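Take a look at the structure below.
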Ligand code: 8NA
Ligand code: MG
Ligand code: MG
Ligand code: MG
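Numbering (the numbering used here), first residue to last: 1332 to 1623.
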């Protein structure tokens, strides 16, 4: 098991990968936008804002306390960051003193949210638990429950965290994971669900190109966990040692690009480290409200 310094390094590298993917992905929605060249500053969105709260929880407390994290999400919430509609209502209610334990299960007619919002923010948590994928899955589900009570929303987060934990561990032991083994190791932690079915489809799509994978798995255009996570992890599996290629694949696929790129970027950077992210992309990303 890696020491604390290493855990935090992996976690912060993953946050860089997540936030650069988010910022560049969001930039893609600007009409006429291109990655070459980038403007001086690309703002990050809700994906990064919520990930920063999770990372601070790990930096300062070394574990997730659900009530404390709920308050941190709500305090940091800036409505212009592009949150999902359910998230806006929930975070405002928590800010006004509401209890997430009642609010999250009541959302969407009592089904709970199955949006991709719990998955989009969780890769750095998985990287923090590199070498202990079971713990990564459990803590990811605990971090998800605060806002996403639907099983698909929660499992999407578990899948991303396990992927980041596996990527971080591969970096620590100096072994490049094979795409098939990588996706299989994530599937091992999932119970029957749409997320799991689609992850199994992702395995069968390993030989194909980005457009076909996005068509078959979804590119996040429905903003749901099951329509976002399998494609983002297919991208991470097939481009685990090439951060720019992973982000460009998400941009090419369209859909919820800030979020597919945040997920794939957070996972891939757990493997490549910060050094895998182009310096120009790091300096174009709006600075993070956290010490580097
Ligand atoms: P959420 O909980 O509001 O879920 C997102 C959306 O998913 C909801 O607004 C619904 O449309 C749909 N949804 C969720 N659960 C259900 C359900 N049980 N039944 C039917 N529909 C459901 O928020 P979230 O935090 O999960 O959302 C994350 C997404 O919001 C990310 O893509 C994030 O980037 C942001 N977002 C950004 C854009 C954009 O234009 N960049 C667009 C939409 C959302
Ligand atoms: Mg450790
Ligand atoms: Mg966003
Ligand atoms: Mg998004």
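Idealized CB from N, CA, C, for every residue including glycine.
Please read all numbers here as calculations on a predicted model, not as lab measurements.
Checklist entry - In chain order, what residues of the same chain lie with their CB nearer than 6 Å to the CB of residue 1338, ignoring the 5 residues before and after it? => result Excluding residues within five positions, the ones whose Cβ falls inside 6 Å are 1459.
Item to check | Three or more C-beta pairs below 8 Å linking the stretch 1606 to 1613 and the stretch 1344 to 1351 | outcome: In the pairwise beta carbon analysis, the stretch 1606 to 1613 is classified as touching the stretch 1344 to 1351: at least three pairs are separated by under 8 Å.
Next on the checklist: Between which residues of its own chain and residue 1511 is the CB-CB distance below 7 Å, once the five residues before and five after are set aside?
Outcome noted: Once the five neighbours on either side are set aside, the close Cβ partners of residue 1511 are 1534, 1537.
Checklist entry - Buried or exposed: where does residue 1408 fall if 16 or more other Cβ atoms within 10 Å of its Cβ makes it buried? => result Result: buried.
Next on the checklist: Under 5 Å, CB to any heavy atom of ligand 4. Which residues pass, going along the chain?
Outcome noted: Taken from the N-terminal end onward, the list reads 1587, 1589, 1590.
Item to check | Runs of alpha helix (DSSP H) lying entirely within the stretch 1548 to 1602, each at least 4 residues, in chain order | outcome: If only complete runs of 4 or more residues are kept, the stretch 1548 to 1602 shows the alpha helix (DSSP H) at 1560 to 1569, 1574 to 1584, in order along the chain.
Item to check | the stretch 1469 to 1476 touching the stretch 1579 to 1595, judged by at least three CB pairs closer than 8 Å | outcome: Three or more beta-carbon pairs separated by less than 8 Å are not found between the stretch 1469 to 1476 and the stretch 1579 to 1595, which leaves the two stretches without contact.
Next on the checklist: Below 8 Å on the Cβ atoms is my contact criterion, and I expect residue 1438 with residue 1421 to pass it. Report the Cβ-Cβ distance as a whole number of Å.
Outcome noted: Indeed, because the Cβ distance is near 6 Å, the residues count as touching under 8 Å.
Item to check | C-beta contact flag for residue 1490 and residue 1521 at 8 Å | outcome: Yes, they are a contact pair.
Checklist entry - Taking 7 Å as the line, does the beta carbon of residue 1306 fall inside it for any heavy atom of ligand 3? => result One cannot answer for residue 1306 here, as it falls past the ends of the chain, which runs 1332 to 1623.
Checklist entry - Looking at residue 1554 and ligand 1, is the gap between the Cβ and the nearest heavy atom below 7 Å? => result Flag set: Cβ of residue 1554 near ligand 1.
Next on the checklist: Please report whether the beta-carbon of residue 1490 lies at a distance below 8 Å from any beta-carbon of chain C.
Outcome noted: Included in the structure is just one protein chain, with no chain C present.
Next on the checklist: Going by C-alpha to C-alpha distance, which of 1570, 1588, 1590 sits closest to residue 1608?
Outcome noted: The shortest C-alpha separation from residue 1608 is found at 1570.
Item to check | Contiguous alpha helix (DSSP H) assignments of at least 4 residues, all confined to the stretch 1466 to 1524 | outcome: 1482 to 1504, 1510 to 1518, all fully within the stretch 1466 to 1524.
Next on the checklist: Just to check my reading of the structure: residue 1494 and residue 1567 have Cβ atoms closer than 8 Å, yes? What is that Cβ distance to the nearest angstrom?
Outcome noted: Contact holds; Cβ gap of about 6 Å.
Next on the checklist: Helix, strand or coil, according to DSSP, for residue 1446 in the structure here?
Outcome noted: Residue state, collapsed to three classes: strand.
Next on the checklist: By the three-class DSSP mapping on this structure, what secondary structure does residue 1452 have?
Outcome noted: Here DSSP, grouped into helix, strand and coil, assigns residue 1452 to coil.
Item to check | Where the alpha helix (DSSP H) containing residue 1462 begins and where it ends | outcome: Counting along the chain, residue 1462 sits inside no alpha helix (DSSP H), nor does DSSP assign it H or E at all.
Item to check | Distance CB(residue 1588)-CB(residue 1416) smaller than 8 Å | outcome: Using a Cβ distance threshold of 8 Å, residue 1588 and residue 1416 do not count as a contacting pair.
Item to check | Straight-line gap, residue 1372 to residue 1354 (C-alpha atoms, nearest Å) | outcome: Each residue's alpha carbon lies about 9 Å from the other.
Checklist entry - Which two residues bound the contiguous alpha helix (DSSP H) that contains residue 1373? => result From DSSP, residue 1373 is part of no alpha helix (DSSP H); its letter is neither H nor E.
Next on the checklist: For ligand 1, is there any heavy atom lying closer than 7 Å to the beta carbon of residue 1602?
Outcome noted: No, the beta carbon of residue 1602 sits no closer than 7 Å to any heavy atom of ligand 1.
Item to check | Integer-rounded CB distance, given that residue 1380 should sit under 8 Å from residue 1435 | outcome: The Cβ separation is near 18 Å, so there is no contact.
Checklist entry - First and last residue of the alpha helix (DSSP H) that includes residue 1358? => result Where residue 1358 is concerned, the enclosing alpha helix (DSSP H) stretches over 1335 to 1358.
Checklist entry - Is it buried or exposed for residue 1560, if we count other Cβ within 10 angstroms and need 16 for buried? => result Residue 1560 should be labelled buried.
Checklist entry - Roughly how many whole angstroms lie between the Cα atoms of residue 1359 and residue 1572? => result Within the model, the alpha-carbon separation for residue 1359 versus residue 1572 is close to 23 Å.
Checklist entry - What does residue 1616 pair with, by DSSP beta-bridge criteria? => result Residue 1616 is bridged by DSSP to 1373.
Checklist entry - Under 7 Å from any heavy atom of ligand 3, does the C-beta of residue 1478 make it? => result Outside the cutoff, so no.
Next on the checklist: I'd like to confirm something about residue 1551: is its beta-carbon nearer than 7 Å to some heavy atom of ligand 3, or not?
Outcome noted: Short note on residue 1551: C-beta not closer than 7 Å to any heavy atom of ligand 3.
Checklist entry - So does residue 1376 have its beta carbon nearer than 7 Å to some heavy atom of ligand 3? => result Yes, Cβ of residue 1376 sits closer than 7 Å to a heavy atom of ligand 3.
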